[in-house]
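Working notes, beginning with the structure itself.
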Amino acid sequence: MEEPSHFTSSHRAGHDARLADQDRTLAAMHQLEAALGLAAPGREAPWLERVRSGLAALEEATSGEFANAEDPDSLLSDIKRTQPRLRTRVRGLRTQYGQLRQAIASARAELDEPGDQATDFADVRQRLS
């Protein structure tokens with residue numbers, strides 16, 4: 430993708446950071462999807478560990494994206510400043526980032542909870558897919 434020549438070095442750095450965040454998030458999503466797709470019956474502990482690892486990677490990646498979205502020099506901040514009619518949408522996107530991060534943290538906490546009941550793998554797959 431070619432960049433317009435009027436980008437400042439700050440814009441270029443922000444653009445590069447955003448692309449890196451997107452790549453990292455996509456890789457984390459693929460890691461989680463692969464873990465969820467593995468056979469679980471009879472392999473509960475390794476399956477659960479891979480799912481936890483995938484969630485941890487996704488949480489780390491989305492944290493980076495969220496930090497970038499909140500940065501005053503981010504693309505979202507620039508849109509909010511320069512496109513008043515899109516401010517509500519920017520606010521909505523930032524809210525969705527927060528909700529996504531909260532859902533990931535909640536899923537991790539639930540899977541990390543020690544309990545005497547067996548994990549319902551089909552339910553975990555359904556909720557995280």
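The numbering of the sequence shown is our numbering, which starts it at 430 and goes up by one.
Note that beta-carbon positions come from the ideal geometry of N, C-alpha and C, so glycine has one too.
Would you decide whether Asp552 is buried or exposed? Buried here means 16 or more other CB atoms lie within 10 Å of its CB.
Exposed, because fewer than 16 other Cβ atoms sit within 10 Å of the Cβ of Asp552.
Beta-carbon spacing of Arg537, Leu484 below 7 Å:
Yes.
Neighbourhood of Leu515 by C-beta distance below 8 Å, restricted to the same chain and skipping five residues each side:
So the list reads Ile508 and Lys509, once near-sequence residues are dropped.
Using a Cβ-Cβ cutoff of less than 7 Å, which residues in the same chain neighbour Ala469 once the five nearest sequence positions on both sides are dropped?
Trp476 and Phe550.
Buried versus exposed call for Ala532 [16 or more other C-beta atoms within 10 Å across all chains shown]
Exposed: under 16 other Cβ atoms inside 10 Å.
Neighbourhood of Met430 by C-beta distance below 6 Å, restricted to the same chain and skipping five residues each side
With a pLDDT of 49 at Met430, under the threshold of 50, the modelled position of that residue is not reliable, and no figure is offered here.
To the nearest angstrom, how far is it from the Cα of Leu504 to the Cα of Arg472?
Roughly 44 Å between the two C-alpha positions.
How would you write the range of the alpha helix (DSSP H) that Arg523 sits in, first residue to last?
Boundaries of the alpha helix (DSSP H) harbouring Arg523: Arg516 to Asp541, taken from the DSSP string.
Whether or not the stretch 446 to 454 and the stretch 484 to 504 are in contact is what I'm after, with contact meaning three or more pairs of Cβ atoms, one per stretch, closer than 8 Å; do they touch?
Yes, they touch.
Would you identify the three-state DSSP class for Ala469, choosing helix, strand or coil?
For Ala469, the secondary structure class from DSSP, reduced to helix, strand or coil, is coil.
Compute the distance between the beta-carbons of Arg556 and Leu465, then report whether it is under 7 Å.
With respect to the 7 Å criterion, Arg556 and Leu465 are not classified as neighbours on the basis of their beta carbons.
Any idea if Glu539 is buried or exposed, counting beta-carbon neighbours within 10 angstroms, 16 or more meaning buried?
Glu539 sits exposed, since fewer than 16 C-beta atoms from the chains shown fall within 10 Å of its C-beta.
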